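Student:
In the numbering used here, the protein residues as written are 26 to 186.
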């Protein structure tokens, strides 16, 4: 899960691990490690600003979650453009069988639309299944969480009761 060290990311980690899933959470520094591990996640130090730091984060991962709809600082457009495209290329020869892209958030709609386009293109070129997460991360946390968990289940072919 890229962008999973936030409060909502930690809540998602708790729900997914409670459902029996292993969750690897990417964070830029070791400062969030204790919180991530307390939520049941495996902490991975890396950054989407340098895709090479995430390459081995994909080992044995089935679903990649790109949760950067509220990203701030740095080159946010690149996170949803060239860096996302590079990450999706690495997914091709990995165990990843689906991608969830957060297509709503605080960054400009044009940037989010460009990211959604990258995910569509990866699907067209390499048949990587994907889902677009539409729930606004600024809105009701429960709605965001329910949609995200549902999208994970749909990519895994899991019925939720």
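All C-beta atoms in this analysis are idealised placements derived from N, C-alpha and C, irrespective of residue type, glycine included. Here the structure is a predicted model, which is why all the values come from computation and not from measurement.
What first and last residue would you give for the alpha helix (DSSP H) that runs through residue 173?
Tutor: In the DSSP annotation of this structure, the continuous segment of the alpha helix (DSSP H) that includes residue 173 starts and ends at 166-181.
Student: Per the DSSP calculation, residue 49 is bridged to which residue(s)?
Tutor: In DSSP, residue 49 forms a bridge with 67.
Student: Assuming residue 123 is part of the alpha helix (DSSP H), what are its boundary residues?
Tutor: Not the alpha helix (DSSP H): residue 123 falls in the beta strand (DSSP E), residues 123-127.
Student: Can you tell me the Cβ-Cβ gap for residue 174 and residue 121, rounded? I've got them flagged as a contact below 8 angstroms.
Tutor: That pair is no contact at about 18 angstroms.
Student: Enumerate, from N- to C-terminal direction, the unbroken beta strand (DSSP E) stretches of 3 or more residues contained entirely within the region 72-122.
Tutor: Correct list: 88-91.
Student: Can you list, in chain order, the residues of its chain with a C-beta nearer than 7 angstroms to that of residue 176? Leave out the 5 residues immediately preceding and following it.
Tutor: 125, 156, 158
Student: I'd like to confirm the pairing. Which residues does DSSP put opposite residue 158 in its beta bridges?
Tutor: 127
Student: How is residue 33 classed by DSSP in three states: helix, strand or coil?
Tutor: Of the three classes helix, strand and coil, the one that applies to residue 33 here is helix, per DSSP.
Student: Check for me: the alpha helix (DSSP H) holding residue 57 runs from which residue to which?
Tutor: Premise fails: residue 57 is in no alpha helix (DSSP H) and is neither H nor E.
Student: In chain order, what residues of the same chain have a beta carbon less than 7 angstroms from the beta carbon of residue 82, not counting five sequence neighbours either side?
Tutor: 49, 51, 69, 71
Student: Pick from 60, 64, 53: whose alpha carbon is nearest that of residue 38?
Tutor: 64
Student: Starting from residue 143 and walking both ways along the alpha helix (DSSP H), at which residues does that stretch end?
Tutor: 134-151
Student: Can you grab the Cα-Cα spacing for the pair residue 119 / residue 110, in whole Å?
Tutor: Residue 119 and residue 110: Cα-Cα distance of roughly 15 angstroms.
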